[in-house]
Amino acid sequence: MLRYQENNELHRDFHGTTNTTLNYIADHYGVDALKMILRKTGHDVYKSIREKLEKGDASELIEHLNWFFYRERGKYQLTVSEDEIVFEVLECPAIRHLRKLGLEPSQHVCLQTSEVNAGMCEGTPWHSEVKVLEEGHCIQTFRKEPSHDTK
Amino acid sequence: MIPSDHFVRFYNEVFKFLDEQGGLEAYYREISLHQELHCLELFRSRKLQGMYEYYRKIYKEENCQGELILNEGELILRMDRCPSLTKALDNDAGACRKYCLHCPGWTAPLYRKAGLYQIYELMGLDNPQCCEWIYEDKVRAEAKYRERKAAAKDPAMILSNLT
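Line by line, the protein sequences give chains A and B.
No gaps in the numbering here: position 132 of the first sequence is 132 in this note's numbering, and each next residue is one more.
No gaps in the numbering here: position 10 of the second sequence is 161 in this note's numbering, and each next residue is one more.
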């Protein structure tokens with residue numbers, strides 16, 4: 001079950017504010033500071049997902065990926081096996097909306113995914129990886145280390 | 152992707168970082184410039200009517216609970232339950248104590264550019280309620296500012312873009 005239940009209207013222009021913020025922090029405080037904020041967001045905001053991952057339960061992570069990309073009308077494919085979750089985003093809703101607004105996606109735009117995912121996995125048996133194939137198209141992988149099998 | 156639904160909780164982390172760096176005010180100005188894309192021309196050209204239309208859409212999209220009241224020469228934006236602060240508070244990461252200040256922080260300079268005068272009353276930094284009065288006429292705005300300053304429990308919670 002999701003910690004943050006969101007079922008109402010969407011304000012997609014927040015993707016624009018996120019984009020501006022990524023550039024602002026990177027330009028004024030450096031990319032490492034930006035990564036730190038994003039990783040902390042993943043670690044602290046998504047504490048519930050992280051704590052479940054610690055116990056070997058990926059259910060909230062899977063629900064999170066599925067629900068929020070569905071809500072934003074993303075095109076994606078989610079493949080789940082016991083020790084691996086592969087989430088292929090075929091059309092990123094954030095980048096699609098930035099283009100709709102006439103905004104150039106920040107060069108750091110995909111850090112929101114890689115660092116937040118890493119923050120969710122920090123201290124758990126799970127590791128995340130993001131491969132960007134082209135603009136708006138990436139493969140996010142979450143893999144559980146065999147040595148940390150909780151069974 | 153940080154979902155639009157969760158932007159606020161990321162924003163909240165950015166505020167915490169910038170507050171430690173003493174960098175909130177400069178960031179508000181950057182957000183204000185960004186927001187010009189969405190509403191400056193509308194506010195400049197259609198003044199309070201344009202603002203009313205913009206916020207009607209925002210109230211719906213952001214799931215605000217409150218009321219927009221458009222009177223002759225005056226727009227009142229009353230927020231009974233701000234969805235943004237509500238999310239920042241409903242958050243395992245905890246809310247930035249200055250979270251509320253971003254709203255007057257970005258709106259004040261943008262409204263000024265549009266030729267509109269704003270009186271902003273916060274009801275406490277941990278209370279998701281506030282009220283804005285916006286005027287085209289500076290004299291009316293100044294009168295409202297004096298009125299709210301006199302009536303407020305905490306006059307520091309009354310802000311404006313008059314100067």
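Glycine included, every Cβ here is placed at the ideal spot set by N, Cα and C.
By the neighbour-count definition (other C-beta atoms within 10 Å, threshold 16), residue 107/A is an exposed residue. Taking a cut-off of 8 Å on C-beta distances, the stretch 18 to 26 of chain A does not touch the stretch 257 to 270 of chain B, as fewer than three cross pairs fall below it.
Against chain B, the CB of residue 40/A has a partner CB under 8 Å away; the residue lies at that interface. The closest CA to that of residue 115/A, considering only 32/A, 19/A, 12/A, is found on 32/A. Neighbours of residue 44/A across chain B, judged by C-beta separation under 7 Å: 243, 244.
Inter-segment contact for the stretch 230 to 249 of chain B and the stretch 141 to 148 of chain A is absent: fewer than three beta-carbon pairs are separated by less than 8 Å. For the 8 Å CB-CB criterion, residue 205/B and residue 226/B do not form a contact.
For the stretch 164 to 193 of chain B, the set of positions with a beta-carbon nearer than 9 Å to some beta-carbon of chain A reads 164, 165, 167, 168, 169, 172, 174, 177, 178, 181, 182, 184, 185, 186, 188, 189 in chain order. Residue 75/A: member of the beta strand (DSSP E) spanning 75 to 81, first to last residue.
By the neighbour-count definition (other C-beta atoms within 10 Å, threshold 16), residue 153/B is a buried residue. Residues of the same chain with a CB within less than 6 Å of the CB of residue 255/B, apart from the 5 flanking positions on each side, are 271, 310 in chain order. Collapsing the DSSP output to three states places residue 27/A in a helix.
Within chain A, the C-beta atoms nearer than 7 Å to that of residue 153/B come from 18, 112, 116, in chain order. DSSP places residue 189/B in the helix class (H, G or I) of the three-state scheme. For residue 163/B, there is no enclosing beta strand (DSSP E); the residue is found in the alpha helix (DSSP H) stretching over 158 to 172.
Neighbours of residue 85/A across chain B, judged by C-beta separation under 9 Å, do not exist; the nearest C-beta is about 16 Å away. In summary, the residues of the stretch 210 to 226 of chain B whose CB is separated from some CB of chain A by less than 8 Å are 211, 212, 213, 214, in the order they occur in the chain. Residues of the same chain with a CB within less than 6 Å of the CB of residue 105/A, apart from the 5 flanking positions on each side, are 95, 98 in chain order. Listed in chain order, the positions of the stretch 26 to 38 of chain A with a beta carbon within less than 9 Å of a beta carbon of chain B are 28, 29, 33, 36, 37, 38.
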